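Adding 14 to a residue's 1-based position in the sequence shown gives its number in the numbering used here. In this text, a Cβ means the ideal position worked out from N, Cα and C, and glycines have one as well. Since we're looking at a predicted model, the values are computed, not measured.
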Amino acid sequence: MRPKKVSNDDILSFLSDESEIDGYSDDSDIDKTWQPPVSNKTNELDESECSDTEIGEVSDLNIDYFTETSPSTLHQISPSPSTLSSQPQIQTDPQIAITFSQQHPSLPRSETNMIASWTHDSFSGIHLPDVQYGPYPYKIIEPAYNYIKKYLPDSHFNEAAFYTNMYAMSKLGKELKTSSNEIKVLYGAHAMISIIKYPRIHMYWQRGIQFESISQAITRDRFFLLRSCLHFVDLNNRPPQADRFWKIKPIIDNVRNACLSIPRKVGCFSIDEQMIPFLGHCPHRQYVRNKPRPVGLKNFVITTSKGMVLDFEIYQGQNTPLGDRILGLGPAVVLRLSKTIPENSVLFFDRYFTTLPLLDRLNQIGLKATGTIMNNRLKNIQFAEDKKFNQGKWEELSRADKNVVAIKWKDSKCVTVLSIATGAEPHSMVKRWSKTENKYIEVPCPSAIVSYNQNMGGWSGLV
Numbered sequence: 015m016r017p018k019k020v021s022n023d024d025i026l027s028f029l030s031d032e033s034e035i036d037g038y039s040d041d042s043d044i045d046k047t048w049q050p051p052v053s054n055k056t057n058e059l060d061e062s063e064c065s066d067t068e069i070g071e072v073s074d075l076n077i078d079y080f081t082e083t084s085p086s087t088l089h090q091i092s093p094s095p096s097t098l099s100s101q102p103q104i105q106t107d108p109q110i111a112i113t114f115s116q117q118h119p120s121l122p123r124s125e126t127n128m129i130a131s132w133t134h135d136s137f138s139g140i141h142l143p144d145v146q147y148g149p150y151p152y153k154i155i156e157p158a159y160n161y162i163k164k165y166l167p168d169s170h171f172n173e174a175a176f177y178t179n180m181y182a183m184s185k186l187g188k189e190l191k192t193s194s195n196e197i198k199v200l201y202g203a204h205a206m207i208s209i210i211k212y213p214r215i216h217m218y219w220q221r222g223i224q225f226e227s228i229s230q231a232i233t234r235d236r237f238f239l240l241r242s243c244l245h246f247v248d249l250n251n252r253p254p255q256a257d258r259f260w261k262i263k264p265i266i267d268n269v270r271n272a273c274l275s276i277p278r279k280v281g282c283f284s285i286d287e288q289m290i291p292f293l294g295h296c297p298h299r300q301y302v303r304n305k306p307r308p309v310g311l312k313n314f315v316i317t318t319s320k321g322m323v324l325d326f327e328i329y330q331g332q333n334t335p336l337g338d339r340i341l342g343l344g345p346a347v348v349l350r351l352s353k354t355i356p357e358n359s360v361l362f363f364d365r366y367f368t369t370l371p372l373l374d375r376l377n378q379i380g381l382k383a384t385g386t387i388m389n390n391r392l393k394n395i396q397f398a399e400d401k402k403f404n405q406g407k408w409e410e411l412s413r414a415d416k417n418v419v420a421i422k423w424k425d426s427k428c429v430t431v432l433s434i435a436t437g438a439e440p441h442s443m444v445k446r447w448s449k450t451e452n453k454y455i456e457v458p459c460p461s462a463i464v465s466y467n468q469n470m471g472g473w474s475g476l477v
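Take a look at the structure:
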C-alpha cells in the first residue's frame, strides 16, 4: 500500500494543534488523587507537592493543589454576553477555614480565609507599566573582555589560580605554577570549544584539523592538567552551611552580584525555570522534560520581559535558600526572586508557581501578577465544562473582594489564568488555526492572555 500524501493543510493543522499558551492546557496532567498537603507532624505544607527531587528527579511542573469543581456558567464573547447556566450556590465548611487558620496563625487573613465566593462580575485591572528599551544613544562597543569582567572580575581569576595550585600540590605532590592569566586562557579555550564543536576535545590539537586559536594559546597536555586541577575554594575548609554548590560558590556569587547590580525599573518581569546544560557527574543533575536541553542543573530565574537576567537561584532540593516555604516551593521561589523588584511591577509565571495564596501575598507587598494555573488548583471556583467552550470563548470569575480574577479561555484547548493585574477586557483578536474551517481565523482573546503571551518567556532564550 502506498503511503498517504500529506497536504499543506494537513501539516498546518498538525502544527497548529496547540494552545495559544503552549503546554499549559487544563485538560491534561490533572492529579485526581490529590489531597490537601497539610502535615499533622510539622504543620507545614508538604513540599513534595512541588519538589522534583522527591518525584524521581523528573520535573512534572503540573502538580495540582485543589480538586476540580463542577461546571458553572460560560461568558461568550459577543455584543451581548449570554449565559449557559446559572451560577450554583457554593457551600462552604467553616471548619476547614478554622482548621487551616489554627495551623498557620502567622499567615495574613486573606491567605487563611481561603473560602470565598466568586461571581461573574468584570475585573477592573491595571494599566501594565510600559518600559522603553530604546532607542539608545550611540556609544563605542567595548571589547568582550570588559563585559566578562562585570561578571567575573580579576579577583576571581587570582583566587582560582591560588586554589588550583593548592589542589595540585596536595594531589600531585608538585607545583603547578599556574597564574591568573593562564586561568583566563583556560576559560577562553572552553568558551571556544562550546561554540566550535568537535566530536572529541583532543581533536582541537590534532594535526590537520587543529583549531589554532586554542592550540596556539595552550598545549593539549597543559589544558587537560589545568582542567583536572581547577578549583575555586580550599577543600579543607568546607563551610558549615548545607550548600551543595559550595565548591563553585565564588562563581555563582560573582555572577549573581553582577545581575543584582543591574538597575530595576517598574515594569513587567517573568519567572521560570532555566536548565544549565550539564552531562557530567553531579548528584544534583536533573532531567526536566519539555526543555530544549532537559539534562543539567535546574535554575530558577527572573528576567525582564526582554530576557535580561536580574536574579537566579540554582535548585538544590531542600537546601535551596528560599526562606519561608509555608506556601509551597513554587510560591517560595517567586517571593525569593521578587525581593529586588520595584513596587507596582507585574510578574508573570506558569502553573508550576501559581497559587491563590501566592497572589494574595504579592498583592500585600505591592506587586501584581498573572500566571497560568490548573483548574483543580482553584478551590470553590466552578467553571463550565470544556465541551461547552467554543474556540475564542471564555469565562471570567472575580473573587468577592475584587482583588483576583480567574479566566478560562478556549483556544485549541482550554487554558486558565489567575491574575491580580489584568481581567478579560479589553480583549483582542488573534489569528488561530481552525480545525473545522481548515484555515486561520480571528478569535477573541482575553486581555490577561494577551499580556501573558507578550511578557512571559523572556527566559526562553536562556534554556
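Buried or exposed: residue i, going by 16 or more other Cβ atoms within 10 Å of its Cβ?
| i | result |
| --- | --- |
| D286 | buried |
| R391 | buried |
| C296 | exposed |
| L293 | exposed |
| S96 | The predicted position of S96 is uncertain, since its pLDDT is 33 and thus under 50; a value taken from the coordinates is nonetheless stated next. S96 should be labelled exposed. |
| Q103 | For Q103, the predicted structure reports a pLDDT of 34, less than 50, and the residue's modelled location is therefore unreliable. A value from the coordinates is still provided. Flag for Q103 reads exposed. |
| S284 | buried |
| Q255 | exposed |
| Q230 | exposed |
| A158 | exposed |
| S359 | buried |
| P371 | buried |
| K481 | With the chain covering 15 to 477 only, the question about residue 481 has no answer from this structure. |
| A205 | exposed |
| E327 | buried |
| Y212 | exposed |
What span of residues does the alpha helix (DSSP H) with residue i cover, start to end?
| i | result |
| --- | --- |
| E196 | S194 to I209 |
| Q378 | L370 to Q378 |
| L351 | L343 to L351 |
| Y301 | Element bounds for Y301: not the alpha helix (DSSP H) but the beta strand (DSSP E), Q300 to V302. |
| E226 | E226 to S229 |
| Q468 | S461 to N469 |
| L186 | D168 to L186 |
| I162 | A158 to Y165 |
Am I right that residue i and residue j are in contact with their C-beta atoms under 8 Å? What's the rounded C-beta distance?
| i | j | result |
| --- | --- | --- |
| S461 | H441 | 6 Å |
| L381 | S352 | 6 Å |
Tell me which residues share the same chain as residue i and place their Cβ nearer than 6 Å to its Cβ, disregarding the 5 neighbours each side in the sequence.
| i | result |
| --- | --- |
| L376 | A383 |
| L166 | N268 |
| C273 | V323, L324 and D325 |
| Y454 | K445 and W447 |
| P143 | V280 and G281 |
| Y181 | C243 and H245 |
DSSP on residue i, reduced to helix/strand/coil?
| i | result |
| --- | --- |
| G281 | coil |
| D286 | strand |
| L324 | strand |
| G294 | coil |
| T430 | strand |
| F246 | coil |
| S359 | coil |
| Y454 | strand |
| S131 | coil |
| F397 | strand |
| A272 | helix |
In terms of residue numbering, what span does the beta strand (DSSP E) encompassing residue i cover?
| i | result |
| --- | --- |
| S442 | S442 to S448 |
| K261 | Run containing K261: none; DSSP gives neither H nor E here. |
| I421 | V419 to K424 |
| K382 | K382 to T386 |
| N313 | V309 to T318 |
| E410 | W408 to R413 |
Which same chain residues, not among the five before or five after residue i, have their C-beta less than 7 Å away from its C-beta?
| i | result |
| --- | --- |
| F171 | S194, I197 and K198 |
| R258 | H298, Q330 and N333 |
For residue i, is the beta carbon positioned less than 7 Å from some heavy atom of the ligand ZN?
| i | result |
| --- | --- |
| D425 | For the structure depicted, the ligand ZN is absent and the ligand set is empty, with no information on it obtainable. |
Just to confirm my understanding: we take residue i, look at its own chain, exclude 5 residues before and 5 after, and list those with CB closer than 8 Å. What are they?
| i | result |
| --- | --- |
| G337 | A346, L349 and R350 |
| I207 | I215, Y218 and I228 |
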